[in-house]
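**Q** Before we start, here is the structure in question, set down as structure tokens.
Residue numbers (the numbering used here), protein chains in the order written: chain E, 222 to 277; chain R, 58 to 303; chain P, 187 to 396.
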């Protein structure tokens, strides 16, 4: 099928692309949030460790 | 020897390292499969003679629905293992799975809605399958809420685990709802015991996306479990050494 | 349960709530008898659900707060038995009064006679299930400060199948079609809940008190 047919999706463009777009956003957001949470946790532990060493 | 390696796996530190090494590899395979599945489903597969191109939503909708059920079962089984044998890894995997399962349930409901509107004229109908899938979303939310409400995370895992197990009764209701009741949602086409009644050119991309979604779940649950394990083990030496090295 | 009888408010409150909610609906929806007939069974059942939910807190919380719950759990009797006693107490105080008042409410909402009969059967089969499932929820949240809100979130999704089978049964009875399927399902749910809920509740209590 041609590129314009591809985008048009036989008239159902909104529904098809909204579905795929939603899936992309949700699945990628999950990964990004998980990575960010992990990094934040490690940074927090490092902060705690530094404070503990300073008070010794 | 197998039992010894299982025991080793359950050790938090070993799990953290092993999972960390596996994630990139599985992730790459997952992305490749997604790209193949998308191309096959969106370009190669022909348009349906009844539904035109809108049926292509199936390649997101059905794998998401399958994942919503599969992840709940994994969550329930891991909760049971954690409750019976007190294995920390099982508890961690169970709670790490919950938001992923909730996301897939949401996607199944939303893409189902987007498919239902052009095809059957309605965004929503209170039939057995849609209602029980919506219940599944609430069950996931309940598990997450209960876990977050309890301070001591060991107690929290066990409480959330019991809730997850109690909610398992919903899963067969969802799966068999289209057989037990006359619903608007169509009947089973893939998981019947005789040959599937879907065309092979559409079945292949569907299965590819299903496998891709499973791999995505594995990657994400490993990532989340590593972080949760760090949190639970924060007072141990291996975590403190690890953090210093970073 | 004796305590509940002494604090008469504990019986009257859920009953009053049940009656009030059911009365509010015709006032809100308009007193068109055909509309009430359609909405009636569902309304009565939702009201039953909400009043069961309202009283769930009382099942273990006061014992938890004064420390007697731990004492009860340490006793030589199996915890499941204690749980069944508590659940029965809850049901006698919430479910049973509902059964008594339901025919009156059926009349208020213009339900036909057969439908009222089926309504009573569904309430008889269903309200114990509400108490049983609710017990698991309370046991899981008894130690939490604002447990009441989470309790509703946890318990309502589990109540929904009961609601669906019960209200479709009464609807079918009002329309004159067979109700045996729904009643069997309600019976099955009751048996399942009765055999499993006490165990789950006991396990949850142990976890909450740990």
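All C-beta atoms in this analysis are idealised placements derived from N, C-alpha and C, irrespective of residue type, glycine included.
Just so you know, these numbers come straight off a predicted model, no measurement behind them.
#1: Where do the N-terminal and C-terminal ends of the alpha helix (DSSP H) with residue 255 of chain R fall, by residue?
#2: Whole-angstrom Cβ separation of residue 230 of chain P and residue 295 of chain P, contact assumed at under 8 Å?
#3: Can you give, in chain order, each stretch of the alpha helix (DSSP H) that sits fully within the region 176–244 of chain R and has at least 4 residues?
#4: Grouping DSSP H, G and I as helix and E and B as strand, with all else coil, what is residue 249 of chain P?
#5: Sort R:68, R:260 and R:60 by Cα distance to residue 295 of chain R and report the nearest one.
#6: Between which two residues does the alpha helix (DSSP H) holding residue 324 of chain P run?
#7: Please classify residue 362 of chain P: does DSSP put it in a helix, a strand, or coil?
#8: Just the chain B side, please: which residues come within less than 7 Å of residue 151 of chain R by C-beta, in chain order?
#9: Is the Cβ-Cβ distance between residue 355 of chain P and residue 304 of chain P less than 7 Å?
#10: Look up residue 105 of chain R in the DSSP assignment and say whether it is helix, strand or coil.
#11: Does the beta-carbon of residue 188 of chain R have 16 or more other beta-carbons within 10 angstroms, so that it is buried, or is it exposed?
#12: Checking 7 Å against the spacing of the C-beta atoms, do residue 289 of chain R and residue 76 of chain R come in under that value?
#13: Run through chain P and tell me which residues come within less than 8 Å of residue 165 of chain R, C-beta to C-beta.
#14: Give the residues of chain R in contact with residue 336 of chain P, contact being defined as C-beta atoms less than 9 Å apart.
#15: Mind pulling the chain R residues with CB within less than 8 Å of residue 339 of chain P?
#16: Counting only beta-carbon separations shorter than 7 Å, does residue 78 of chain R have a partner in chain E?
#17: Provide the residue span of the alpha helix (DSSP H) that contains residue 282 of chain P, from first to last.
#18: Between residue 128 of chain R and residue 168 of chain R, is the Cβ-Cβ spacing less than 7 Å?
#19: Which residues in chain R have a C-beta closer than 9 Å to the C-beta of residue 322 of chain P? List them in chain order.
#20: Work out the CA separation of residue 250 of chain E and residue 241 of chain E for me, nearest whole Å.
#21: Consider the Cβ of residue 242 of chain E: report whether some Cβ of chain R lies at a distance smaller than 7 Å.
#22: According to DSSP, simplified to helix, strand and coil, what is residue 223 of chain E?
#23: Residue 293 of chain R by DSSP, collapsed to three states: which one?
#24: Does residue 117 of chain R come out as helix, strand or coil in the three-state DSSP assignment?
#25: How many angstroms separate the CA atom of residue 329 of chain P from the CA atom of residue 250 of chain P?
#26: Enumerate in chain order the residues of its own chain whose CB-to-CB distance from residue 226 of chain P is below 6 Å, with the five nearest sequence positions on each side excluded.
#27: So, under 8 Å CB-CB, residue 270 of chain R and residue 120 of chain R are touching, yes? Tell me the CB distance rounded to an integer number of Å.
#28: Less than 7 Å between C-beta atoms, sequence neighbours within five positions excluded: which residues of the same chain meet that for residue 302 of chain P?
#29: Buried or exposed, going by whether 16 or more other CB atoms sit within 10 Å of the CB of residue 264 of chain E?
#30: Residue 186 of chain R CB to nearest chain P CB: under 7 Å?
#31: Taking the alpha-carbon positions, what's the residue 341 of chain P to residue 232 of chain P distance?
#32: Check whether the region 219–227 of chain R touches the region 257–273 of chain R, counting contact only when three or more Cβ pairs, one atom from each stretch, lie closer than 8 Å.
#33: Applying the criterion that 16 or more other CB atoms from any shown protein chain within 10 Å of the CB defines a buried residue, is residue 280 of chain P buried or exposed?
#34: Using a C-beta to C-beta distance shorter than 7 Å, which residues of chain R count as neighbours of residue 389 of chain P?
#35: Leaving aside the five residues before and after residue 123 of chain R along the sequence, list all residues of the same chain whose C-beta is less than 8 Å from its C-beta, in chain order.
#36: Is there a C-beta anywhere in chain E that falls below 7 Å from the one on residue 117 of chain R?
**A** In terms of the structure at hand:
#1: No alpha helix (DSSP H) contains residue 255 of chain R, which DSSP labels as neither H nor E.
#2: 7 Å
#3: List check, alpha helix (DSSP H) in window: 185–206, 210–223 and 227–237.
#4: helix
#5: Of R:68, R:260 and R:60, the residue nearest in Cα terms is R:68.
#6: Counting along the chain, the alpha helix (DSSP H) containing residue 324 of chain P begins and ends at 299–327.
#7: coil
#8: The structure shown contains no chain B; its protein chains are E, R and P.
#9: In this structure, residue 355 of chain P sits near residue 304 of chain P, with a CB-CB distance shorter than 7 Å.
#10: strand
#11: By the Cβ neighbour-count rule, residue 188 of chain R is buried, with 16 or more other Cβ atoms within 10 Å of its own.
#12: For residue 289 of chain R and residue 76 of chain R, no; Cβs fall outside 7 Å.
#13: Correct list: empty, because the minimum Cβ distance to chain P is about 16 Å.
#14: 199, 202, 203 and 206
#15: Within chain R, the residues 195, 198, 199 and 202 have their CB atoms less than 8 Å from the CB of residue 339 of chain P, given in chain order.
#16: no
#17: 265–294
#18: no
#19: 219, 220 and 223
#20: 14 Å
#21: no
#22: The answer is coil: DSSP assigns residue 223 of chain E none of H, G, I, E or B.
#23: coil
#24: helix
#25: Straight through space, the alpha carbons of residue 250 of chain P and residue 329 of chain P are spaced by roughly 8 Å.
#26: 295 and 297
#27: 4 Å
#28: 289 and 292
#29: exposed
#30: no
#31: CA-CA distance, residue 341 of chain P to residue 232 of chain P, rounds to 13 Å.
#32: no
#33: buried
#34: 219
#35: 267 and 270
#36: yes
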